[in-house]
Every structure is written in structure tokens, then in C-alpha cells.
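>
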Amino acid sequence: MSTGNGVARWSVIALVLLSLASLLVGFVWLPSVHADFSAQGLWASICRAAGVPAQWGDPAERGKLASTSTNVVLERSMAREAPPDAVGRGGTLSTQNCTMCHGPQGMSTSGAPNLAGQYPEVVIKQLEDFKSGRRASPIMEALAKNLSDRDVADLAAFFASQPKARVAPTTYSEALPALVRVGAPLRNIAPCISCHGGVDQKLGAPWLEGMPREYLIAQLHAFAGGTRHNDSHAQMRNMARAMTEPEIAAVADFYARKGPPPER
Amino acid sequence: MLAHFWVAFVAFLGAITLGAWQMYIRSPLHAWVNNPEYYYRSVTAHGTVMAYVLPTLVAMGFGYAISELALKRPLIGLRWAWGGFGLVVAGTVLAALAMGLGRASVLYTFYPPMIASPLYYLGVVLVVVGSWVWVALMGINLRAWKRDNPGASVPLAMYGNVAGAYLWAWTSLGAAIEVLVLILPASLGLTDTINAGLARVFFSWTLHAIVYFWLVPAYIAFYAIVPRAIGSRLYSDTMGRVAFALFLVFSMPIGIHHLFADPQVGSGFKFVHAVMTAMVTVPTFLTIFTIVASVEIAGRLRGGTGAFGWIRALPWDNPMMLAVSFSFVMLGLGGAGGLINMSYQLNETVHNTQWVTGHFHLIFAGAIVIMYFMVAYDLWPQLTHCAPLPQGLMRLQLWLWFIGMLVLSLPWHWVGILGMPRRMAYYDFTHPDLHPQAWTVTVSTFGGLMLLVSALVFVFILATARRGASAPAPYTFSASAHPGARAPLALNGLGLWVAMMIALTVVNYGYPIVQLASLKEASVPIIPIGSR
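Same order as they appear, the protein sequences are chains A and B.
Sequential numbering from 94 applies to the first sequence in our numbering.
Sequential numbering from 8 applies to the second sequence in our numbering.
1) Under 8 Å, Cβ to Cβ, is there at least one residue of chain B near G134 (chain A)?
2) With 16 other CB atoms within 10 Å as the buried threshold, where does D247 (chain A) fall?
3) By Cβ distance below 8 Å, which residues in the same chain neighbour M283 (chain B) in space, the five residues on each side in sequence not counted?
4) For a cutoff of 8 Å on Cβ pairs, would you count E168 (chain A) as touching chain B?
5) Hey, could you find the ends of the beta strand (DSSP E) V275 (chain A) is sitting in?
6) Leaving out five residues on either side along the sequence, give the residues of the same chain with a beta carbon under 6 Å from the beta carbon of E355 (chain B).
7) Reducing DSSP to helix, strand and coil, say where R80 (chain B) ends up.
8) For a quick check, are the C-beta atoms of T288 (chain B) and F220 (chain B) less than 8 Å apart?
9) If you reduce the DSSP assignment to three classes, tell me which class R280 (chain A) lands in.
10) Is the beta carbon of P4 (chain B) less than 8 Å from the beta carbon of V100 (chain A)?
11) Since L195 (chain B) contacts P125 (chain B) with CB under 8 Å, what's their CB separation in whole angstroms?
12) At least one CB of chain B closer than 8 Å to the CB of S254 (chain A): is that the case?
13) Output yes if chain A places a C-beta closer than 8 Å to the C-beta of H438 (chain B); else output no.
14) So what's A343 (chain A) in DSSP terms, helix, strand or just coil?
15) Evaluate I282 (chain A) with the Cβ neighbour count: other Cβ atoms within 10 Å of its Cβ, from every protein chain shown; 16 or more gives buried, anything less gives exposed.
16) Just the Cα atoms here: how many angstroms apart are I217 (chain B) and F371 (chain B)?
17) Kindly say whether F16 (chain B), judged by its beta-carbon, lies nearer than 8 Å to any beta-carbon of chain A.
18) Taking only the alpha-carbon atoms, compute the straight-line gap between A151 (chain B) and M246 (chain B) and give it to the nearest angstrom.
19) Do the stretch 159-173 of chain B and the stretch 87-103 of chain B touch if we need at least three Cβ pairs shorter than 8 Å?
20) Cutting at 7 Å between CB atoms, please list the residues of its own chain near P532 (chain B), excluding the five before and the five after it.
21) Going by the DSSP bridge assignment, what does T391 (chain B) pair with across the sheet?
22) Count the other CB atoms, across all protein chains shown, that sit within 10 Å of the CB of A314 (chain B); report buried if there are 16 or more and exposed otherwise.
23) Taking the Cβ atom as the reference point for each residue, do F436 (chain B) and A445 (chain B) lie within a distance shorter than 8 Å?
24) For chain B, find out if any of its Cβ atoms is closer than 8 Å to the Cβ of A142 (chain A); answer yes or no.
25) Only counting runs of 4 or more residues, tell me where the alpha helix (DSSP H) segments fall wholly within the stretch 175-226 of chain B, in order along the chain.
26) Does the Cβ of W103 (chain A) have 16 or more other Cβ atoms within 10 Å, making it buried, or fewer, making it exposed?
27) Within the 8 Å Cβ cut-off, does Q271 (chain B) reach chain A?
28) According to the Cβ coordinates, are Q361 (chain B) and M427 (chain B) closer than 8 Å?
29) What's the call for E338 (chain A), buried or exposed, on a 16-neighbour Cβ count within 10 Å?
30) What does A101 (chain A) touch in chain B if you count any residue whose Cβ is under 7 Å from its own?
31) Does the beta-carbon of L353 (chain B) have 16 or more other beta-carbons within 10 angstroms, so that it is buried, or is it exposed?
32) What's the gap between the Cα of E267 (chain A) and the Cα of L240 (chain A)?
33) Opposite R474 (chain B) in the DSSP bridges: which residues?
34) Scan the stretch 211-272 of chain A and note each continuous beta strand (DSSP E) run of 3 residues or more that stays entirely inside, going in chain order.
35) Check whether the Cβ atoms of A209 (chain A) and F252 (chain A) sit closer than 8 Å, and answer yes or no.
36) Between which two residues does the alpha helix (DSSP H) harbouring P532 (chain B) extend?
What follows is the structure, given as C-alpha cells:
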């Protein structure tokens, strides 16, 4: 009986000592040799070691740094199907400034991007970025400036409701260009179809099927050159920068391969 | 019990086929996988079956068997046990359905903010809830036995078994909270953001101790079956109890070593978890010492003399002798690799590389699963009243598994050090930087094929066991080298160790969980799989 209690007592004491020793080393001793941790005293260093979010740098500068690419936070609610009245309002709005370039039902004949069937969150994000100047375009910045949040949502709802340029999405096949299908792993180029539909369709990634070839090439060049930089994680800038000219042409050919459907 | 083992091994056969396919498809022997989604679907199914279904069912089946054989009385709550089994099977079917439809390719570690179909999570929850029935039954059976045998020492096999059950009950709570509170609401569409950092911390709560839940049946086999099977005695019964008690205390509050690269956890906690991870080597070293000493007794009883002469005298034609040797070799290699993984600094060099895959295949699929095979071989005559199983075929199966596992996982360790990332559907072997590593992937493919053949032989042996006319000899567990010794009181119960486990968990996990849960900015949009 006594041995049992002895084992118990010593086990507890040993565990407490071990925990205290490792806490001391982890929270006091190790941080003390790092200037970052110990700059503001012992308590601050313990907090940092515990994982309390720390404020770094000058608070006044922080806001500027955080918003270099886009102000839009993509939310799944943006991708929900809109009620018919929103589609109606968007349709009316679209006749004022959009249809001249993007076509009456969102099918462009002018080299401007097709908007028919575009995912609503894509249209919302791009319009907001034009509005705030995060994406540059003399025409679109001027037009977007006058749109309210509700106008933007209604336009997105309208274009999303229109029939797509190409109905069938890309499905996987060996015939796809290599970059579209498997990317280039060693150059950190992800396959197009892992975000733009085919394998997966990520929130905020546009529907590319049937886009005008010149538009696709221009955008890839703009991403590569940094003149377009409203991709929130620099994902497209990084992809485009690593692509060669023939690759850009091949990808653009592929996504433009079926132009607008026959005249209605 | 038989039902548990059969479902476990049939699922195992399916999953290992997927594993061998994954190895082949990403090797230079085949063109790049058609659609990476299929690859990740396969990885999810392989991981889900191997991590949840196989070990849970083996632990449950073996646990029920131990309860009846070690306590020498029928199981209390047989009906409940069937209920638990039904839940596990139903959960497996549900999860398989979701994975098959391509709505659950999130890997078995879930990885929020990726969100799968609710069917998948419900399936996993059912598997876990089914296993909780087992936990409760093990506790109830032990308690009833103790009440009827006041003052007697609990048989070591049952002690380890219930320790494993309690460990699982506490550790599965983390993933259960993650799924029920964070993931399922998002999966059901009730919310479209998730606190991914918190979810990962909860998963780490489960992720590391789950491997000790996998390991406990193997350790029970080391202590309670191996010495008997090779004609020896267990060197120290108390050491076995110490090992199980230490596993209970230290295997749980160490999971943050899986998050060394995660920014949401403070470095102080990472360090403390690294220290506690180092502590779990203690019960493993104790076990290796005790079992080697027990094996030495067998060698000396068979006339072996001198410092090493006893090794030659060992019964090397006995499959159990072979298995325990293979298991220790793989445990040694994998454990040495594990010391690198658990080191806060060295981990940086191997983080997310094939090294990690090599490590856990060597330890779990190697050292542990080979003992699952032995448990099944050893129990089969009891469960099916079959004639003795063919020893030659068993030896072949074990050799294939051992060599196959080394051929599979040693190249992974090597290329992991060179920086080959894990969880890749394909590698560009035409690139001059990667080309020199291509042969290692081919080698691993052959290792995978050997494992597949070994698994087929294993299931073949069990399926073709002939029913003998005579009843089997009564089943026994290992006898102690010091019979009659009473276990110290503290090592005859589990209360103290469970209390220490919970207390240490609160110290090591309490603050990170509270802090992350109260951080409003920590929520990120979810990414449903296959939604568009």
C-alpha cells in the first residue's frame, strides 16, 4: 500500500517539476536570447512565446501596407444565386454603360472580356477594384466610380444569369496543353484547371472559356509586368511571370478556342 | 471479434491497393496522373481507412478478446459491442461514399479551410462514436472484474488495453470538437468561414496521440503474447505497466509538434511540446529493454550461452520471433527519424517532405501493423477454431512486409532530406534537378508492390484457415518471470495516470485554445471541395 502511494506521489512531483522546467526554458530562457522577444521586458517576452498576437512596426504605416493589391475580401455569400429582381435591375443597368463593349448579353465582339455567365463574385471583385483604383483602366475606373454597392451586386447577378460563351466546362483530357493540365511544378506554375475549372473552381477565379484571345494575352502580360496587381495573393502575377511567350500564346489559344456561339 | 477483424482487413486490402497505385502513378514508370483530383481522392481514402478504420477495428476486436481471455469471463455488454461495431461499419460506408463521389478529397487530416461533404465527416464521427462504445465497455468490464476480485492484480494485457481505451477517449475528443463545432457547421452551409488555426490545434490534439492508440495493441502483443509464443517469460510485468502509464500521461499533450511551422501557435508552447514528445521515448526504451530481456530468457532456456550466443539459439523459425525482430528494427529506424521530427529546430529541414511520410510508414505500417498481423495470426485459432496456420507462408508474408516496407520508406527518407515535398500527385522527372532522384521513386514503387503482395498473402492465410475438428487449447498470455509479484497499487489502476494526462493537457493546450478561440480575425473563408 505504501509503495503504491510512494509511486503516485513521486510521479506527480516529477511531472510538475518537468513541466515547470520546460515552461521556464520555453517561455523565459530561450526568448531571452532573442532580441525580438526580449525587447519589451520579461512579461512581453512571455506573452510572445505564448502566441499572443503582437503588433509590429509603426501603427500608422500598417494600414498602407495591408492594402497594396486589393481591398476586396472574397466571401462565399458573394457567389450565391441572386433573386430575380436583382437580375432585372442589373439588366437595366447594363444597358447604360456595359453593353457597348461587353455585348448586349455579355458576349463581347470587341476584344473586351465576355461577362456572360461569369461568376458573380468575380464581377463584384473587379468592379470594386476598378472603383478603388486597385485595377487600372481609364474607361472602367471612370464607369465604376458611379456604381453603388447594390449596383455592383445587381450587375454581377445579371451577368451571372446569362448563358456562358462555352457551355461545356473544361474537363480533364490528355489533349489539353501541358500548362493547362499539369502546370510546371518546378517553376511553381499551377495548372490552370486547378483554379479556373476542370479540376477545381476556386472562389474569385474567373470563367475563362471563350474569352477573347487578345484580352487573355494582354492580362497575362499585365500580370507579368506588374501593371495589373489586384490578385490578392499575387497568385496570377507569380504564374504569369514564370510563363514564356509561347506558353502565354498556347494558353490563350486554348481558352479562346471556341469563340462566341453562332449569332442569335 | 471476428467481424471486427474481417472488416478491418478487407478495408486494409482496399486501401493498400490504393497506396500501391499512388506510388506507381507518381513514379517515372507511368505518365503524370490524368487528374490530380483522383490522386488526392485516393490519398484521402488510403489515409482514412489506414488511420481510422483499420486500427480502430483492430483495437476494438483485440480489446474485446483481451477482456474475455485475460479476465476469463464473458464480455459484459455484448449487445452494445455489436451496436458499436455497427456504427463503425456504417461510418466507414458513409465516408467511403463521400470519398468515392469526389466530395471529400481533403485528406484524412481534414485541413480546413478545405471543406468536404458532410457525409464524410458524419462517417468519421460515427467511426469514433462506435469506438467510444468500446472504450466504455472496456472500463465497465475492468471495473466489474475488480469488484469481484478485490486486491488482485489486473492482468497486464487488460491493463494496457484499458489504458489504450482511455487514451483514445481523451485524444479523440480534439478531432471530435473540431468536426462537430468548427467543420460540420461549415460543411452543412450554416457558416461560410472557419477558424482554421484553431481547427488545426484541435486536430493536433488528436493527431499525435492517435498514433499511440494505434501502437498500444502492438505493445500489448510485445508484453503479453511474444514471450509466451517464443517459449519464454516476461522479464518484468511492472515495467509493462509503467510503459502503459507513461504513454497515457505523455502521448497526449504533445501534438503541437505537428504545428512547428504554424504561425498561430507561440514558440514557447512549441518548445514545451517538443520536450514532452521527447518524454514518450522513455516508455518505448523501457519496452525494448524489457522485451529484449524476455527474449534473452528464451535464448538461454534453449541452451544459448555467452554475451551473444543466446541470439543464435533463438527460435528463428517461429513467425512471432521473426515479427518482433522486424518490428524492433523498424521501430528503431523510424524512432531515430522521429527524434529529428520532434526537434523544434531540426524539424525545419524535413518539414512537409517525403521524410515525414517515410517516418510514419516505417513506425505505423511497419512496426505496428506487423504486430497487428501477429495478433490476428495468434487469435485466429481461438476465434475460428481453425487448424494451425501454415508457418512457412506466415514467414514469407512477414519477410515480404519487412523488406517491402524498408524498400518503400528508406528512399523516402533520403529524398526527403534532398527536399522532395510530400502530397504531390506528380513530379517533373524530366527536369535536370529532379532526374537524379527519379530512381528512388521507382524503388519505392517496388516496395509498395511487395507490401501489396504481402497483404494479399496475409488475407489469403486467414481466409483459407481450415476449420479443425478439435477445440483449440486454452488461450494464455505471457507468464511473468517473477510469478506472484503484486503490482504496486498505483500501477494496478489508471485513475492517477488519467488525472495526470488531463492536467498536463490543460497546461499544454489550455492557453493556445482559449486564445485562438477568442481571436475574431482568425476566421477564414471555407473552400468546399468539388462545389463547382
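We put the beta carbon where it would ideally sit given N, CA and C, even for glycine.
Bear in mind that the values here come from a model prediction, so they are computed numbers and not experimental data.
Result, derived from the coordinates:
1) Position 41 of the first sequence, counted from the start, is the residue given in the question as residue 134 (chain A). Not flagged as an interface residue toward chain B: G134 (chain A), since no C-beta distance is shorter than 8 Å.
2) As a working mapping, residue 247 (chain A) is identified with position 154 in the first sequence. So D247 (chain A) counts as buried.
3) Reading the second sequence from its first residue, position 276 is the one you call residue 283 (chain B). Hits under 8 Å: F257, P260, I261, L511 and N515.
4) Residue numbering aside, residue 168 (chain A) sits at position 75 when the first sequence is read from its first letter. Taking CB atoms only, E168 (chain A) has a neighbour in chain B less than 8 Å away.
5) Your numbering for residue 275 (chain A) matches position 182 in the first sequence. Taken as a continuous stretch (DSSP letters only), V275 (chain A) belongs to no beta strand (DSSP E), as it is neither H nor E.
6) Translated into positions along the second sequence, residue 355 (chain B) becomes position 348. Non-local C-beta neighbours of E355 (chain B) in its own chain, meaning closer than 6 Å and more than five positions away in sequence, are absent.
7) Position 73 of the second sequence, counted from the start, is the residue given in the question as residue 80 (chain B). DSSP places R80 (chain B) in coil when its eight states are reduced to three.
8) Your numbering for residue 288 (chain B) matches position 281 in the second sequence. Your numbering for residue 220 (chain B) matches position 213 in the second sequence. No.
9) In the first sequence, residue 280 (chain A) corresponds to position 187, counting from 1. Note: R280 (chain A) maps to helix in three-state DSSP.
10) One cannot answer for residue 4 (chain B) here, as it falls past the ends of chain B, which runs 8 to 539.
11) Numbered from 1 along the second sequence, position 188 holds the residue referred to as residue 195 (chain B). Numbered from 1 along the second sequence, position 118 holds the residue referred to as residue 125 (chain B). At roughly 5 Å, the Cβ-Cβ gap stays under 8 Å, so L195 (chain B) and P125 (chain B) are in contact.
12) In the first sequence, counting from the first residue as 1, residue 254 (chain A) sits at position 161. No, S254 (chain A) lies away from the interface with chain B (no Cβ there is under 8 Å from its Cβ).
13) Along the second sequence, read from residue 1 onward, the residue named residue 438 (chain B) stands at position 431. So yes, H438 (chain B) belongs to the interface.
14) Working through the first sequence from its first residue, we reach residue 343 (chain A) at position 250. Note: A343 (chain A) maps to helix in three-state DSSP.
15) Within the first sequence, numbered from 1, the residue matching residue 282 (chain A) stands at position 189. Under this definition I282 (chain A) is a buried residue.
16) Within the second sequence, residue 217 (chain B) is the residue found at index 210, counting from 1. Within the second sequence, residue 371 (chain B) is the residue found at index 364, counting from 1. A straight-line Cα-Cα distance of about 11 Å links I217 (chain B) and F371 (chain B).
17) Locating residue 16 (chain B) in the second sequence gives position 9, where the first residue counts as 1. No, F16 (chain B) does not count as interfacial toward chain A.
18) Taking the first residue of the second sequence as 1, we reach residue 151 (chain B) at position 144. Taking the first residue of the second sequence as 1, we reach residue 246 (chain B) at position 239. Rounded to whole angstroms, A151 (chain B) to M246 (chain B) spans 25 Å at the Cα level.
19) No, the stretch 159-173 of chain B does not touch the stretch 87-103 of chain B.
20) Start at 1 with the first residue of the second sequence, and residue 532 (chain B) comes out as number 525. Excluding positions up to five away in sequence, the list reads P120, D199 and T200.
21) Taking the second sequence and counting its residues from 1, one reaches residue 391 (chain B) at position 384. Partner(s): none; T391 (chain B) has no beta bridge.
22) Taking the first residue of the second sequence as position 1, residue 314 (chain B) is located at position 307. With fewer than 16 other Cβ atoms from the protein chains shown falling within 10 Å of its own Cβ, A314 (chain B) counts as exposed.
23) The residue labelled residue 436 (chain B) in the question sits at position 429 within the second sequence. The residue labelled residue 445 (chain B) in the question sits at position 438 within the second sequence. Cβ distance < 8 Å, so F436 (chain B) and A445 (chain B) count as in contact.
24) Within the first sequence, residue 142 (chain A) is the residue found at index 49, counting from 1. It does; some Cβ of chain B falls within 8 Å.
25) The alpha helix (DSSP H) runs lying completely inside the stretch 175-226 of chain B and spanning 4 residues or more are 191-194, given in chain order.
26) Along the first sequence, read from residue 1 onward, the residue named residue 103 (chain A) stands at position 10. If you draw a 10 Å sphere on the C-beta of W103 (chain A), you find fewer than 16 other C-beta atoms in it, and that means exposed.
27) For the purposes of this step, residue 271 (chain B) is identified with residue 264 of the second sequence, where counting begins at 1. Look at Q271 (chain B): its C-beta is under 8 Å from a C-beta on chain A.
28) Within the second sequence, the letter at position 354 stands for residue 361 (chain B). Within the second sequence, the letter at position 420 stands for residue 427 (chain B). With contacts defined by Cβ atoms closer than 8 Å, Q361 (chain B) and M427 (chain B) form a contacting pair.
29) The residue you call residue 338 (chain A) lines up with position 245 of the first sequence. By the 16-neighbour rule on beta-carbons within 10 angstroms, E338 (chain A) is exposed.
30) Here residue 101 (chain A) is taken as the residue at index 8 of the first sequence, counted from 1. Listed along the chain, the chain B residues whose CB falls inside 7 Å of the CB of A101 (chain A) are A497 and L503.
31) Working through the second sequence from its first residue, we reach residue 353 (chain B) at position 346. By the neighbour-count rule (16 or more Cβ atoms within 10 Å), L353 (chain B) is not buried but exposed.
32) Stepping through the first sequence from its first residue, residue 267 (chain A) is reached at position 174. Stepping through the first sequence from its first residue, residue 240 (chain A) is reached at position 147. Going from the Cα of E267 (chain A) to the Cα of L240 (chain A) covers about 44 Å.
33) Your numbering for residue 474 (chain B) matches position 467 in the second sequence. Answer by DSSP bridge pairing, in chain order: B:C393.
34) Here no run is fully enclosed.
35) Counting from 1 along the first sequence, the entry for residue 209 (chain A) is found at position 116. Counting from 1 along the first sequence, the entry for residue 252 (chain A) is found at position 159. In this structure, F252 (chain A) lies closer than 8 Å to A209 (chain A) by Cβ.
36) One-based indexing of the second sequence puts residue 532 (chain B) at position 525. Membership of P532 (chain B) in any alpha helix (DSSP H) is not indicated; the residue belongs instead to the beta strand (DSSP E) covering S530 to P532.
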